[in-house]
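A short write-up of the structure that comes next.
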Amino acid sequence: MGVLLDAVTLDDWRSVVTKAKTLAQAGDSRARAWLAQYLVGKPAVSAPTPLTVVVQQLNGTDPLIERLTRETVHSIKFPESEHDLKDGIRTVLAAEIAQKCVRRK
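Following the numbering used here, the numbering of the sequence shown begins with 26 at its first residue and continues without gaps.
Structure below.
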């Protein structure tokens, strides 16, 4: 890595990026994609196919809306279930930790 940094100065790299920008502005899709991966980042998931989108629209479903609202809907349907479960787990863990601390003394 040190050799690479010695061989390619910041000015060299600036020239590469400037050239890529010029090419991207002129319509070069590869230059645009290369710049985008550094400026925007690579997508974490792939986009759905057009057919999938049409089928979802016809069915009246939207996976994004369903994913964003899932937790809220669950908490409305079962208002205390998750809260009680977490409290129970905390109580059991606290008791086990306290018991192990007493044994070590």
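We put the beta carbon where it would ideally sit given N, CA and C, even for glycine. Since this is a predicted model, take the numbers as computed values, not measurements.
The alpha-carbon of Glu96 is positioned some 46 Å away from that of Val41.
Annotated as proximal: Leu60 and Ala49, with beta-carbon spacing under 8 Å.
For Ser100, the enclosing alpha helix (DSSP H) stretches over residues 88 to 102. Within the model, the alpha-carbon separation for Val28 versus Gln81 is close to 52 Å.
When rounded, the separation of the alpha-carbon atoms in Gln124 and Leu118 is 10 Å. Distances from the alpha-carbon of Ala45 to those of Leu64, Asp31, Thr34 put Leu64 closest. The three-state secondary structure of Lys67, taken from DSSP, is coil.
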